[in-house]
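Here is the structure we will look at, set down as structure tokens.
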Amino acid sequence: MSALVVTGLRVAGDRELLRGIDLELAAGGALGLVGESGSGKSLTCRAVMGVLPRGLRRTGGTILIRGRAAMVFQDPLAALDPLMRAGDQVAEVVRHRDRSGRRAARDRTLGLFADVALPEPERASRAYPHELSGGQRQRVLIALALATRPEVLLCDEPTTALDVPVQQEVLALLAGLRAGLGLALLFVSHDLPVVAGLCDDLAVLADGRVVESGPTGRLVTAPRHPATRRLVDAVLPVPTVPGEHDD
Amino acid sequence: MRRPPALVAGAVMVGIVVAVALLGPLVVPHDPFLQDLSGGLQPPSATHWFGTDQLGRDIFSRVVVATRTDLRIAVLAATAPFVVGVGVGLVSGYAGGYLDWLVSRVVDTVIAFPFYVLVIAIVFAAGTGERGILIAYAIVGWIPYARVIRARTRALTRQGWVDAARGGGLSHPRVLVVHLLPNVIGQAVVLLMTEILLIMVAVVTLGYLGLGVQPPTPDWGTMISDGQPFLATMWWIPTLPGLAVVFTGIGLSLLGDGLADRWRLR
Amino acid sequence: MTEAGLVVEGLRVTLGGREILHGVDFAVAPGRVVGLVGESGSGKTTIARAVAGFVSSRGSIRLDGTELGGDRRHRTVRRSIQLVPQDPYTTLNPRLRIGRVLEELLGLHRLPPGGGRTARRARAVALMEQVGLDAAALQRRPSQFSGGQRQRVALARALAVEPRVLLADEPTSSLDVSVQRTVLDLVAGLSRDAGVATLLITHDLSVVHAVCDEVVVLRAGEVVETAPADRFFTAPAHPYSRRLLAAVPRLEASP
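Protein chains in written order, with the numbering used here: chain W, 5 to 251; chain H, 2 to 267; chain S, 2 to 256.
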């Protein structure tokens, strides 16, 4: 069963930017979308969400989503209203989605903040975005996405702006949500090691097309397409410290 | 590079105005000062293209000769504020600190007053006519340039290339003139076009209030205000000088827009 | 005692009433590449700006044994320390052709010595070739370059004045992964060849592993560990260093 099926997706502005994208994301699965900048990975994500940048339009293809999709953006500071408390922003979405009262929305917001492992949910809900750290903001943004009770979470470079240790925490959170809530993840990133750590399958984009796709392990060990090979070769290795226990 | 149509149209219109200002007084069909009380208030005809005013003077010749007066005042009155305002804005935005604070307070204070009230007050104090207008603009006219250029310079100064120029060993004046100025001057020139237009309108307004160019020197403002009582019956007396103002105004703003387009970095 | 390269001791910087750097010590020898790592907000960029003289600081900043302090009025002092800033899109003056920028700097410092206009032009072409661009690039304006090319131009501009210290602030963080490696190799290779003391600022340990000789770990305005790169990656001493290392996403760790 598929959570998301994209067939022949085309998007154009002055010229064609997506030239027939096919993707399939299994329910509860995690699909990584990788490629160089300008390959169309972010655009694909936005097209699926239905939020194309001004001047671009969908010119073909179908997008089938089972249930609801929500999106997590790269820059959490830009995606949050600077003049509204974090808790109020999430509660607003909850009230709209659940048609619930003020009280119920508040309780569910605090629950969501606990789900995304925000330390001190009460305090975080009263904070304005600029009072939170980058990692905390990204958690608020994930809570905001979860408030719509999605089946598919679209993540557009959600960890790129974060420091490495924080990045790792957010990735662990996404993996946990996937396992705990059965969310399907479509994860866009230029950072192959990050995607590879989270996703079972990868789709490599180049010049508006999917040039290679398959299980993560196969793609990173035996890349076939030159674009995939370039991405794999560009990864700078870091030795693992002996005796260090990762997770 | 492709020439924006606004730039071409504006340049042609302003070119016509400048040509008229330079050559017009040499080729006018009639003496603009010659009164003919028996031939006053005539409608436009083959001899008097724009008709005659209440003193029988040829309106076309007066409009042509006034072009030189009005354009000269506007350009002169706009020049000093342009140079001072760009200089102050550039240095203030680049240096920051106490100087910038001081400039910003002065700018804010002057902006708090209605512009025309200030100009009228200064012209009243400094004396009517061309001299008063030039003094008034020298005192308050630099403010808009300083404001725009300061903000732009301030934003650019935080960019890496300004540090790099300074770090490469260039002196402050050189960074300001060679590196920053070309990046901000475009906005100042666009503003200059608008300001020349506003000054022409101000000269017209001051003329209307009796504070502008003094008779008998022809000037569009005094011609419009003198002709105003005849608007209902003899429309050409105030309207044709008015059209000269409108033509010049459209030319200047098209030129300003065109230059802005041209200088915008892709 | 002769002291070669850049030595920073007890560097303190206060910005907006808040102390950002609380006494930072490190040294970069000529021809060496030292990686300065730390999270955002730890003060990495402030260190670079203080050493380059763009923000005022307390403590000692010495170059080949000479105290620089906060006095950067003399252009030969400023010239000896060059900063390659992080953002390739604001690093070049949008109005000026690259050749004009390089020739202005070369002319100001009379480089190459005794050479005239022709020699300067030849030097500009040589600089372009050093960073892997062709001579035609000199005639172009910044908007005609990609991010990676701009970073190369910024490097050429820094090297033009023959600095003794190069400060590279996240020079590759906004570039595509496939371009990162070439720019990094360029920075490291050129500094080693020219005997320039290079401080490479990054949050990315894979970058440090690829090109650095030594590592300085910064946390909240303080240096927590200084170590040769090979020791840092095999036996990091400070718990924070170990945490940073453990958090690096690795391709091998994929499921």
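Cβ coordinates follow ideal geometry from the N, Cα and C atoms, glycine included.
Please read all numbers here as calculations on a predicted model, not as lab measurements.
According to DSSP, residues forming a beta bridge with residue i
i, result
"W:C159", "W:V76 and W:F191"
"S:G36", "S:L201 and S:V216"
"H:F116", "In the DSSP output, where bridge partners are listed per residue, H:F116 has none listed."
"S:Q83", "S:L167"
"W:E205", "The amino acid at residue 205 of chain W is misidentified as Glu; the sequence shows Asp. The partner list for W:D205 (beta bridge, DSSP) reads W:L35 and W:P219."
"S:S61", "S:E10"
"H:T53", "H:D59"
"W:V168", "Per DSSP, none; premise fails for W:V168."
"W:T66", "W:T11"
Where residue i meets chain S, residues with beta-carbon distance less than 9 Å
i, result
"W:P241", "S207, H210, A211, R251, L252 and E253"
"W:A238", "D177, V178, S179, V180, Q181 and R182"
Residue i to residue j span [Cα, whole Å]
i, j, result
"S:R122", "H:D164", "24 Å"
"W:P255", "S:P250", "Any answer about residue 255 of chain W is impossible in this case: the structure gives chain W only from 5 up to 251."
"H:V179", "S:T15", "32 Å"
"S:S174", "W:E161", "14 Å"
"W:V181", "W:L223", "Correcting the residue identity first, residue 181 of chain W is Leu in this sequence and not Val. Each residue's Cα considered, the two are about 25 Å apart."
"W:L196", "H:T158", "36 Å"
"W:V52", "W:L60", "13 Å"
"S:S255", "W:G54", "In this predicted model, S:S255 has a pLDDT of only 42, less than 50, meaning its place in the structure is not dependable; the value taken from the coordinates is given anyway. Each residue's alpha carbon lies about 31 Å from the other."
"S:D88", "H:L119", "45 Å"
"H:D262", "H:A10", "13 Å"
"H:P183", "H:A7", "22 Å"
"H:V205", "S:V85", "55 Å"
"H:M194", "H:A203", "14 Å"
"W:Q78", "W:A183", "22 Å"
"S:L191", "W:L13", "45 Å"
"W:L47", "W:V214", "13 Å"
"S:L37", "S:G60", "19 Å"
"W:V94", "W:V38", "30 Å"
"S:T199", "W:L202", "35 Å"
"W:D4", "H:L241", "Because chain W here runs from 5 to 251, residue 4 of chain W falls outside it and cannot be looked at."
"H:L77", "S:D186", "58 Å"
"S:Q181", "H:I136", "59 Å"
"W:T113", "W:R89", "12 Å"
"H:A47", "H:Y117", "40 Å"
"H:L256", "H:V247", "14 Å"
"W:R70", "W:L27", "14 Å"
"S:P143", "S:L97", "8 Å"
"H:V191", "H:W162", "25 Å"
"S:L12", "S:I62", "8 Å"
"S:L93", "H:A22", "43 Å"
"H:R288", "H:R132", "Missing from the structure shown is residue 288 of chain H; chain H here goes from 2 to 267 and no further."
"H:D258", "W:H100", "46 Å"
"W:D251", "S:L134", "Bear in mind that the predicted position of W:D251 carries a pLDDT of just 43, short of 50, making it unreliable; the figure below should be weighed with that in mind. Those two C-alpha atoms are separated by around 44 Å."
"H:V65", "H:G222", "13 Å"
"S:F55", "S:Q131", "28 Å"
"W:E40", "S:G116", "43 Å"
"H:L199", "S:R220", "57 Å"
Listed by chain order, chain S residues near residue i by CB distance under 8 Å
i, result
"W:P169", "E40, R244, L245 and A248"
"H:P1", "Residue 1 of chain H lies beyond the range of chain H shown here (2 to 267); nothing can be said about it."
"W:L235", "V178 and S179"
"W:V245", "F234, T235, A236, P237, R243, L246 and A247"
Within chain W, the residues that residue i reaches when beta carbons sit closer than 7 Å
i, result
"S:H239", "What S:H239 touches in chain W: nothing, since even the nearest Cβ is about 12 Å away."
Interface partners of residue i on chain H, CB under 8 Å
i, result
"S:R158", "A165 and G169"
Listed by chain order, chain W residues near residue i by CB distance under 9 Å
i, result
"S:T227", "Correct list: empty, because the minimum Cβ distance to chain W is about 17 Å."
Within chain H, the residues that residue i reaches when beta carbons sit closer than 7 Å
i, result
"S:R96", "P183 and N184"
"S:D88", "G161"
Under 7 Å by beta carbon: chain S residues contacting residue i
i, result
"H:Q160", "T91"
"H:H49", "Here the premise fails: no neighbours, minimum Cβ distance about 52 Å."
Amino acids of chain H, ordered along the chain, whose beta-carbon sits closer than 9 Å to that of residue i
i, result
"S:L200", "Simply none; closest approach about 14 Å."
Contact list for residue i against chain W, beta-carbon separation under 8 Å
i, result
"S:H23", "Under the 8 Å cutoff, chain W gives no residues; its nearest Cβ is about 20 Å from S:H23."
* Interface positions of the segment 172-196 of chain W facing chain S (Cβ-Cβ less than 8 Å), listed along the chain -> Q172, L175, H194, D195 and L196
Please list, in chain order, the residues of the segment 39-50 of chain W that have any C-beta partner in chain S closer than 9 Å. Residues of the segment 39-50 of chain W that bring their beta carbon within less than 9 Å of a beta carbon in chain S comprise E40, S41 and G42, in sequence order.
Report the residue ranges of all beta strand (DSSP E) runs contained in full by the segment 93-118 of chain W; include only those spanning at least 3 residues, in chain order.
-> Counting whole runs of 3 or more residues, the segment 93-118 of chain W contains no beta strand (DSSP E) stretch at all.
Interface positions of the segment 163-184 of chain S facing chain W (Cβ-Cβ less than 8 Å), listed along the chain:
So the close ones are D177, V178, S179, Q181 and R182.
Fill in: Short-range partners of chain H found in the segment 49-68 of chain S, where Cβ spacing is below 7 Å
If the cut-off is 7 Å between Cβ atoms, the segment 49-68 of chain S has A53 and F55 near chain H.
_Give me the subset of the segment 74-86 of chain S whose CB atoms are less than 8 Å from a CB atom of chain H, sorted by chain position._
R76, T77, R79, R80, I82, Q83, L84 and P86
#### Entry: Interface positions of the segment 107-141 of chain S facing chain H (Cβ-Cβ less than 7 Å), listed along the chain
L109 and H110
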